[in-house]
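Below: one structure, written as structure tokens.
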Amino acid sequence: MSLTSEDLLAISQLLDTKLDARLKPMENDIKSIRDEQILMKDEQRRFRDEQALMKNELKLFRDEQVLMKEELKHFRDEQILMKKELELFRDEQALMKEEQTRFRDELALMKEAQACFRDEQTLMKKEQALMKDELNLVRDELSLVKKEQTRISLILENDVLHAVNILSENYLPAAKRYESATEKIAAMQTDIDIMKKVIADHSEKLQKIS
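So, in structure tokens, the structure goes:
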């Protein structure tokens, strides 16, 4: 029995239908596999992006860690410097206290010296007043000596010389009169020399006091 064209067409259509029925699930599976493949590629790309982001974050974390270590080292250096400055400040403070103590001691010594100077000044004033009193006494003594010198000079001029003249003229021989007058004049001259010496001593004292 030979097949006609219609039979062949029908068989072809039937085969196409069956083939389509069998290929349809395969196409769906292939499409599903392709979709999954695309999804996996997307996930893989996202994973790579996330991995790159994590690497960047890790690098950033390491950089921050290095920076923190540097800051910590800087902080420790500053802390060491602050300790040294604090120690220096304490040394300076101790030195200032020592200088303050020394200044107080010097001030106390100055006050003592000032008090001593005032005492010496008071003593000098008293000594000066005493010297003035002594000067007045010396001046009074000098005035008395001058008065005594004047009185003795008057006595020499008036009484003694007059008595010598009377003795020499009336009672004693010439030799006796001369000898007696010479002795008296010599004694008077000695008294005058003594008074001159006393006056000179008082004058020298007055000059030293002045």
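Numbering-wise, the sequence shown is residues 14 to 223 according to my numbering.
Note that CB positions come from ideal geometry on N, CA and C, so glycine has one too.
In angstroms, rounded to a whole number, what distance separates the CA positions of residue i and residue j?
i: M123; j: A107; result: 24 Å
i: E125; j: E119; result: 10 Å
i: D55; j: K86; result: 45 Å
i: R58; j: L80; result: 32 Å
i: R164; j: E154; result: 15 Å
i: I51; j: L66; result: 22 Å
i: T69; j: R61; result: Rather than Thr, the amino acid found at residue 69 in this sequence is Asn. When rounded, the distance between both Cα atoms is 12 Å.
i: D146; j: C129; result: 25 Å
i: M53; j: L73; result: 29 Å
i: E111; j: K96; result: 22 Å
i: K82; j: R75; result: 10 Å
i: R117; j: L143; result: 38 Å
i: R47; j: N41; result: 10 Å
i: L101; j: E84; result: 25 Å
i: S166; j: D132; result: 49 Å
i: D206; j: Q127; result: 51 Å
i: Q113; j: D214; result: 57 Å
i: E91; j: M109; result: 26 Å
i: Q202; j: K160; result: 17 Å
i: Q26; j: E19; result: 10 Å
i: R103; j: Q134; result: 45 Å
i: A121; j: K139; result: 27 Å
i: I43; j: L22; result: 29 Å
i: D204; j: E217; result: 20 Å
i: Q64; j: S45; result: 27 Å
Do residue i and residue j have their CB atoms nearer than 7 Å?
i: Q162; j: M208; result: yes
i: V211; j: V151; result: no
Just to confirm, does residue i get its C-beta within under 6 Å of one of the non-hydrogen atoms of the ligand MN?
i: Q78; result: Among the components of this structure there are no ligands whatsoever, and the ligand MN is therefore not found.
Can you find a CB in chain B that lies within less than 7 Å of the CB of residue i?
i: D214; result: Although the question refers to chain B, the structure presented lacks it and comprises just one protein chain.
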